[in-house]
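**Q** Chains as they are written, first to last, in our numbering: chain A, 1 to 117; chain B, 1001 to 1117. Starting off with a structure, shown below.
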Amino acid sequence: AQKVTQAQTEISVVEKEDVTLDCVYETRDTTYYLFWYKQPPSGELVFLIRRNSFDEQNEISGRYSWNFQKSTSSFNFTITASQVVDSAVYFCALSEAIYNQGGKLIFGQGTELSVKP
Amino acid sequence: DSGVTQTPKHLITATGQRVTLRCSPRSGDLSVYWYQQSLDQGLQFLIQYYNGEERAKGNILERFSAQQFPDLHSELNLSSLELGDSALYFCASSVDLLRTDTTGELFFGEGSRLTVL
């Protein structure tokens, strides 16, 4: 069965600190996709990144970076120099192979990040 | 703005009643997904439709049903409502995920917040 675990329920940091959100996943598929979504207080879900299981390259986008390690089944998300606007709930998600079933996402429980000024 | 439209945004009803939530996907997207977000269950996948056909099913109760119409909009019907059905219901859409020129993301609507009293 597929499962995503975000062990950190809540994290609180002070502005400009770096913060890493952990994500561990379980799947028997050899082809799968990993996602991060952000849910700000306004409630909508905002896509941040998708990674496929064959691409373990780390990715950086501005202050955001992602570390994908198949050996530990982890897909961690780091925000560098956090800002108050980063305060949100962050979800990690897993999708099974898309070729036959489309992009059904299994979400983790989410990590609520609070960045204080 | 994700391009996915959900109505109504808020709905308050009583136990035992039936409601219909509506979703209009992004123009050109063939897949529609329904998710339920509650405090105790988190983000749960309910059901997916692709071009009018049911593609995948998740933790959807028998009291719930959905369909996707020829114009690709979708409706989620919730009947015999219980207090525990109070939640935020998200609709998401995506292009055909077999295409390699997409990010593979699901575009989420702003959600319909259902309160059952």
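A virtual CB, placed ideally from N, CA and C, is assigned to each residue, including glycine. The structure displayed is predicted, hence computed values, not measured ones.
Taking the alpha-carbon positions, what's the A/Val89 to A/Pro41 distance?
**A** Rounded to the nearest angstrom, the two C-alpha atoms are 8 Å apart.
**Q** Between the C-alpha atoms of A/Ser114 and A/Thr5, what's the straight-line distance to the nearest angstrom?
**A** One C-alpha to the other measures close to 20 Å.
**Q** Would you mind working out which of A/Cys92, A/Ser53, A/Ser73 and A/Lys104 sits nearest B/Thr1035, comparing C-alpha positions?
**A** Residue 1035 of chain B is actually Tyr in this sequence, not Thr. Among A/Cys92, A/Ser53, A/Ser73 and A/Lys104, the Cα nearest to that of B/Tyr1035 belongs to A/Lys104.
**Q** Drop a sphere of 10 angstroms on the beta-carbon of B/Glu1105, count the other beta-carbons inside from all chains shown, and report buried for 16 or more, exposed for fewer.
**A** Under this definition B/Glu1105 is a buried residue.
**Q** Would you kindly check if the distance between the Cβ of A/Ser95 and the Cβ of A/Val24 is under 7 Å?
**A** In this structure, A/Ser95 does not lie closer than 7 Å to A/Val24 by Cβ.
**Q** So, at 6 Å on beta carbons, what are the nonlocal neighbours of B/Gln1048 in its own chain, with the 5 sequence-adjacent residues on each side left out?
**A** So the list reads Tyr1033, Arg1055 and Ala1056, once near-sequence residues are dropped.
**Q** Any idea what DSSP makes of B/Gly1042, helix, strand or coil?
**A** Residue state, collapsed to three classes: strand.
**Q** What residue from A/Leu21, A/Gln109, A/Phe75 and A/Lys70 has the CA that sits closest to A/Thr30's CA?
**A** Comparing Cα-Cα distances from A/Thr30 to each of A/Leu21, A/Gln109, A/Phe75 and A/Lys70, the minimum goes to A/Lys70.
**Q** Once DSSP output is grouped into helix, strand and coil, what is the label at B/Leu985?
**A** Outside the shown range of chain B (1001 to 1117) lies residue 985 of chain B, about which nothing can therefore be said.
**Q** Could you check which residue in B/Thr1015, B/Gly1016 and B/Thr1020 has the C-alpha nearest to that of B/Lys1009?
**A** Out of B/Thr1015, B/Gly1016 and B/Thr1020, B/Thr1020 has the C-alpha closest to the C-alpha of B/Lys1009.
**Q** Return helix, strand or coil for A/Lys16, following the three-state DSSP convention.
**A** Three-state DSSP puts A/Lys16 in coil, outside helix and strand.
**Q** Mind reading off the beta-carbon distance from B/Ser1079 to B/Thr1115? Whole number of angstroms is fine, and I expect it under 8 Å.
**A** Their Cβ separation, rounded to whole angstroms, is 16 Å, which puts B/Ser1079 and B/Thr1115 out of contact at 8 Å.
**Q** Comparing the C-beta of B/Leu1043 with each C-beta of chain A, is any distance below 7 Å?
**A** With 7 Å as the cut-off, B/Leu1043 counts as an interface residue toward chain A.
**Q** Can you tell me where the beta strand (DSSP E) holding A/Thr42 begins and where it ends?
**A** The sequence given here has Ser at residue 42 of chain A, not Thr. Looking at the DSSP string, A/Ser42 is not in any beta strand (DSSP E), and its letter there is neither H nor E.
**Q** Return the residue from the list A/Gln2, A/Leu34 and A/Glu44 that minimises the CA-CA distance to A/Glu59.
**A** The option with the nearest alpha carbon to A/Glu59 is A/Leu34.
**Q** Consider the Cβ of B/Glu1110: report whether some Cβ of chain A lies at a distance smaller than 7 Å.
**A** At least one chain A Cβ lies under 7 Å of B/Glu1110.
**Q** Alpha carbon to alpha carbon, how far is B/Leu1081 from B/Glu1062?
**A** Their Cα atoms are separated by approximately 12 Å.
**Q** Hey, quick one: how far does the beta strand (DSSP E) through A/Thr9 stretch, first residue to last?
**A** Run containing A/Thr9: none; DSSP gives neither H nor E here.
**Q** So which of B/Arg1113, B/Phe1107, B/Leu1117 and B/Ser1112 has the shortest CA-CA distance to B/Pro1025?
**A** Among B/Arg1113, B/Phe1107, B/Leu1117 and B/Ser1112, the Cα nearest to that of B/Pro1025 belongs to B/Phe1107.
**Q** Let's test the definition: count the other Cβ atoms within 10 Å of the Cβ of A/Val84 and tell me whether it reaches 16, buried, or not, exposed.
**A** Result: exposed.
**Q** My output table needs one value for A/Val85: the three-state DSSP class, helix, strand or coil.
**A** In the structure shown, A/Val85 sits in a helix (DSSP, three-state: H, G or I).
**Q** Who does A/Cys23 pair with in a DSSP beta bridge?
**A** In DSSP, A/Cys23 forms no bridge with anything.
**Q** Got a sec, what are the start and stop residues for the beta strand (DSSP E) B/Gln1067 sits in?
**A** It spans Phe1064 to Gln1068 - the beta strand (DSSP E) in which B/Gln1067 sits, taken as one unbroken run.
**Q** Could you confirm whether any beta carbon from chain A is found closer than 7 Å to the beta carbon of B/Ala1066?
**A** Judged by the 7 Å Cβ criterion, B/Ala1066 is not in contact with chain A.
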